[in-house]
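Visitor: Quick one: structure below, then a few questions.
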Amino acid sequence: LDAEILKITSGIDPAISSTIGHTGLFLGYIAPIAVPATLYFMSEKNSDLRTASYAVMQSVAIAFAVGSFLKAITGRPGPDPHSLNKDSLSKEFQFGFMQGGLHYGWPSGHLLTNTAMATSLVAFYPEKSWVKNIALGYLAFLTFSMLIHDGGSAHWFSDIVAGGLMGIAFGSTIGKNFRNYRNSPADSVITTFENTNSISFYPQISPDFSGISFNLRFYTLWTSPLNPLSLKERGNTWESFVKTLFIASPT
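The opening position of the sequence shown corresponds to residue 36 in the numbering used here, with each subsequent residue numbered one higher.
In structure tokens:
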């Protein structure tokens, strides 16, 4: 199938494949950075946007890391539209480490990171149909542009499919988790940084001594929204130190 699709894309007018392909290539590099950055800087007074930006950041970061690792170990050569043996070339993998570089190869990094970005927003805002429509339109254009880029020389069809499916898995999972965090009851989620100090005194009486127990407690409690997987896994971090001093006199 890869070879058959390459035969089709290699026959597209070079002016069209170059224009559309380079447009998609540029957008695919910029969007995974620009979208979360824009959401973050627009979110000064909107915690919902801030949480959405975190969802996109995490989705893109994981997608990029996984995609780069898979390219490094599979070493799949990119398609050659001028090759007379497209079928055997489409089945070639150079397993090892960095046999084929990180730019081309399996899976498509453009589809993986951009699909993760788009589906994380769709999963985070399931009630907003316009987010889904824009995401579908953008991903459809990106898929087409990667297929025909310079006569189909950027990626095999299966590279694009693999990148898209992985991106859906990462983006939808992370987007849903951040949505659950956003929708959690306010009294079950700690969203502020809090320092707490307390001093308490209470009497101590026993057969051996009597006196006063002095208890000093101070701790910092905070919650990071970067990885809110669930109520139990939200990673509340406690830094605590407790010191008790007994001041007693013999009975």
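We put the beta carbon where it would ideally sit given N, CA and C, even for glycine.
Are there 16 or more other CB atoms within 10 angstroms of the CB of residue 46, so buried, or fewer, so exposed?
Guide: For the purposes of this step, residue 46 is taken as the residue at position 11 of the sequence shown. Per the 10 Å Cβ criterion, exposed.
Visitor: What is the residue span of the alpha helix (DSSP H) that residue 218 lies within?
Guide: For the purposes of this step, residue 218 is identified with residue 183 of the sequence shown, where counting begins at 1. Unbroken alpha helix (DSSP H) run through residue 218: 192-218.
Visitor: Is DSSP giving residue 171 helix, strand or coil here?
Guide: Residue numbering aside, residue 171 sits at position 136 when the sequence shown is read from its first letter. If DSSP states are grouped into helix, strand and coil, residue 171 belongs with the helices.
Visitor: Going by DSSP in three states, residue 36 sits in which element: helix, strand or coil?
Guide: For the purposes of this step, residue 36 is taken as the residue at position 1 of the sequence shown. In this structure, residue 36 counts as coil in the three-state DSSP scheme.
Visitor: Look at the alpha carbon of residue 263 and the alpha carbon of residue 114, and state the distance between them as a whole number of angstroms.
Guide: Working through the sequence shown from its first residue, we reach residue 263 at position 228. Working through the sequence shown from its first residue, we reach residue 114 at position 79. Caution is warranted here: a pLDDT of 42 is assigned to residue 263, below 50, making its placement in the model unreliable, and no coordinate value can be reported.
Visitor: Give, in chain order, every unbroken run of the alpha helix (DSSP H) that is at least 4 residues long and sits entirely within the region 144-189.
Guide: Complete alpha helix (DSSP H) runs here, min 4: 144-159 and 164-183.
Visitor: Measure the C-alpha to C-alpha separation of residue 79 and residue 85 and round it to an integer number of angstroms.
Guide: Taking the first residue of the sequence shown as 1, we reach residue 79 at position 44. Taking the first residue of the sequence shown as 1, we reach residue 85 at position 50. Each residue's Cα considered, the two are about 8 Å apart.
Visitor: Assuming residue 56 and residue 189 are in contact, meaning their beta carbons sit under 8 Å apart, how far apart are those beta carbons, in whole angstroms?
Guide: In the sequence shown, the residue the question calls residue 56 occupies position 21. In the sequence shown, the residue the question calls residue 189 occupies position 154. Rounded, the Cβ-Cβ distance is 7 Å, consistent with contact.
Visitor: Which of helix, strand or coil does DSSP assign to residue 112?
Guide: Stepping through the sequence shown from its first residue, residue 112 is reached at position 77. Three-state result, residue 112: coil.
Visitor: Which same chain residues end up closer than 7 Å to residue 166 when comparing Cβ atoms and leaving out the 5 residues on each side of it in sequence?
Guide: Residue 166 sits at position 131 when you count from the first residue of the sequence shown. Within the same chain, residue 166 has close Cβ partners 156, 157 and 160.
Visitor: Use the C-beta contact count for residue 183: other C-beta atoms within 10 angstroms, 16 or more gives buried, fewer gives exposed.
Guide: Position 148 of the sequence shown, counting from 1, holds the residue named residue 183. By the 10 Å Cβ count, residue 183 comes out buried.
Visitor: Between which two residues does the alpha helix (DSSP H) harbouring residue 122 extend?
Guide: Here residue 122 corresponds to residue number 87 of the sequence shown, with the count starting at 1. Element bounds for residue 122: 121-125.
Visitor: Would you mind giving the Cβ-Cβ distance between residue 144 and residue 110, rounded to the nearest angstrom? I have them listed as a contact below 8 Å.
Guide: By one-based count along the sequence shown, residue 144 stands at place 109. By one-based count along the sequence shown, residue 110 stands at place 75. Contact doesn't hold; Cβ gap of about 14 Å is too wide.
Visitor: Is the number of C-beta pairs between the region 169-178 and the region 50-65 that are closer than 8 Å three or more?
Guide: The region 169-178 is in contact with the region 50-65.
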